[in-house]
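Asks:
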Amino acid sequence: MNWKWVSGIVVAGVAVVMLGRLGLDTEQESLVMECQRDLAALPDFLLENDTGATDHLQQKGRKHFTHAMTQARAAADRVSTRSECDKVLNRYLQAYRGTHLWLMALHDGGPSWEESWQAQTTSTPTIEPLTKDTLLLTLPGFAHAQGEALAALMTEKETTLSAYPNWIIDIRNNGGGTDSSFQPLLPYLLSDELYLPGIELLSSSNTLDGYGAMCARFMDDLASCQRMVEPRIAALAQTPHGQYTTAGEDSMRTFRVPAAASQPQRVAVLIDQGCGSSCESFALMARQGFAVKLLGRPTIGALDYSNMVPWILPSEQRELFYASSRRMALPEYSVDIAGVAPDIYLPKPQDPEQEIEQVRRWLEGGSLQPVMADAD
């Protein structure tokens, strides 16, 4: 499907706008032209590289995107700083989807990808006994560093973990990271088998280059990252641009997950709208355990299109992160539409700590009624 009709409108519009710019100072005129140029580059690039763009066009229709572009052009015409342009372009990207598609600044005045990610991953996992029967595991994120901290903590607390029949795993407001971070938990939750949809990749030169640089930039050249990306790079290199490849994956994959020597009897995983991406992956995997229940509110819905790859926009002042993969469960089973639903819905509490106490009491044979409503 061709979007030249979109970019053609943009280019023509930019030319008309430039002719009327005599009233602007030279610096602002330059910023506006830069912003309009970056905006004009987005539609065709997304269609050729982002795994969700074609699906979104089919779902939402051309009128939706024409309106979004018209609004973005008008807003770009009024910017006076690069940061203002960043906001305009990010708002335009929201017309496609609200997650796994964003811009980061390469200029002064806006956070870089590295700064933003570091700010999100400063919290570390904790293990805290609540009573003689119930343990609380708080997992604030699944960044690589947080995964390393979790693995070390579980090794340190191995005896403690085996002593508690009830676990609460709190992944509320967990923005995700990488699935490898939560792997040490799975043997405690699952029994032998994990059954998951595969992913497919959209072949393009930028995506191929992005995978080639991914481990060095984002994962410190970890061997586990190299093992993941090497078959994808090989598959992308052999696939004509514009076509999908499964990189050798089946549409549904089966994994062996040998159970830990000691598993909890009851596990409550707390989820909410702050849980996204790899956090949602964990929720979907954990719920395959016979002893596991998800409680709380639906997650944000940021899983169907993922495995982010960067691209520097024409101005070289900002960087686009787009999705290079999509789940092969689509369109029958979409997570992005409504998120991962809990097994048991709990209204949003006024105090997050009250929700933990509410679930603890339920695990120990009591009621799920809100704590404040308990006459005890």
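With the first letter of the sequence shown counted as 1, position 71 gets the number 78 in this note's numbering; the numbers rise by one all the way through. By construction, the Cβ of each residue, glycine as well, lies at the ideal position given by its N, Cα and C atoms.
#1: By the DSSP assignment, the alpha helix (DSSP H) with ASP216 in it spans what residues?
#2: Using only alpha-carbon positions, find the residue among ARG179, THR133, ASP186, MET111 that is nearest to MET161.
#3: How would you call TYR99, buried or exposed, if buried means at least 16 neighbouring beta carbons within 10 angstroms?
#4: Taking GLY303 as part of the beta strand (DSSP E), name the residues at either end of that continuous run.
#5: Check whether the region 289 to 301 and the region 54 to 74 touch, using three or more Cβ-Cβ pairs below 8 angstroms as the test.
#6: So, for LEU229: in the same chain, excluding its five sequence neighbours on each side, which residues have a beta-carbon less than 7 angstroms away from its beta-carbon?
#7: Report all residues from its chain with a CB closer than 7 angstroms to the CB of GLY283; omit the five preceding and five following residues, and keep chain order.
#8: Let me know the secondary structure DSSP gives PRO136 once reduced to three states.
#9: Excluding the five sequence neighbours on either side, which residues of its own chain have a C-beta within less than 7 angstroms of the C-beta of THR420, listed in chain order?
#10: Give me the Cα-Cα distance between ASP311 and THR33, rounded to the nearest whole angstrom.
#11: Enumerate in chain order the residues of its own chain whose CB-to-CB distance from LEU243 is below 7 angstroms, with the five nearest sequence positions on each side excluded.
#12: The beta strand (DSSP E) with ALA330 in it runs from where to where?
#13: Could you give the DSSP three-state label for VAL366: helix, strand or coil?
#14: Would you mind sorting ILE319 into buried or exposed? The rule is 16 or more other CB atoms within 10 Å of its CB.
#15: Which residue marks the beginning of the alpha helix (DSSP H) containing ARG263, and which one marks its end?
#16: So for VAL342, helix, strand or coil by DSSP?
#17: In three-state DSSP terms, what is VAL316?
#18: Among the candidates ALA298, ASN314, ASP140, PRO172, whose CA atom is the shortest distance from the CA of MET235?
#19: Under three-state DSSP, which class holds GLY148?
#20: Cα separation between ALA437 and ALA254?
#21: Give the secondary structure of GLU371 by DSSP, where H, G and I count as helix, E and B as strand, and everything else as coil.
#22: Locate the alpha helix (DSSP H) running through GLU36, then write down its first and last residues.
#23: In the structure shown, what three-state DSSP assignment does ARG85 receive?
#24: Going by beta-carbon coordinates alone, are VAL264 and PRO194 separated by less than 9 angstroms?
#25: Which one of GLU323, SER332, LEU353, ILE351 has the shortest CA to CA distance from ARG89?
#26: Alpha carbon to alpha carbon, how far is THR167 from ARG80? Give it in angstroms, no decimals.
#27: Taking the continuous beta strand (DSSP E) assigned at ARG273, which residues delimit it?
#28: Please report how far the alpha carbon of THR131 lies from the alpha carbon of SER37, in whole angstroms.
#29: Taking Cβ to Cβ, would you say GLU180 is nearer than 9 angstroms to GLN272?
#30: In chain order, what residues of the same chain lie with their CB nearer than 6 angstroms to the CB of SER269, ignoring the 5 residues before and after it?
#31: Taking only three categories from DSSP, how would you classify ASN181?
#32: Leaving out five residues before and five after ALA83 in sequence, what residues of the same chain have Cβ atoms less than 6 angstroms from its Cβ?
#33: Could you work out which residue in ALA345, ASN97, GLU135, MET335 is closest to PRO50 when comparing CA atoms only?
#34: Buried or exposed: which applies to PHE297, given that a residue is buried once 16 or more other Cβ atoms fall within 10 Å of its Cβ?
#35: Per DSSP, what kind of secondary structure is ASP410 in: helix, strand or coil?
#36: Who does ALA241 pair with in a DSSP beta bridge?
Replies: This is what the structure holds:
#1: 212 to 225
#2: THR133
#3: buried
#4: 299 to 303
#5: no
#6: CYS222
#7: THR106, GLY182, GLY183, THR306, ILE307, ALA309
#8: strand
#9: Because the chain is modelled from 8 through 383, residue 420 falls outside the range shown and cannot be assessed.
#10: 44 angstroms
#11: LEU208, SER210, THR214, LEU215, TYR218, THR252
#12: 325 to 334
#13: helix
#14: exposed
#15: From DSSP, ARG263 is part of no alpha helix (DSSP H) but of the beta strand (DSSP E) over 259 to 264.
#16: coil
#17: strand
#18: ASN314
#19: coil
#20: Nothing about residue 437 can be reported from this structure: the residues present for the chain run from 8 to 383 only.
#21: coil
#22: 33 to 56
#23: coil
#24: yes
#25: GLU323
#26: 58 angstroms
#27: 273 to 278
#28: 44 angstroms
#29: It is worth fixing the name first, because residue 180 is Asn in this sequence and not Glu. No, the Cβ-Cβ distance between ASN180 and GLN272 is not below 9 angstroms.
#30: SER169
#31: coil
#32: CYS42, GLN43, LEU46, VAL95
#33: ASN97
#34: exposed
#35: This structure cannot settle anything about residue 410, because the visible part of the chain is limited to 8 through 383.
#36: ALA241 is not bridged to any residue.
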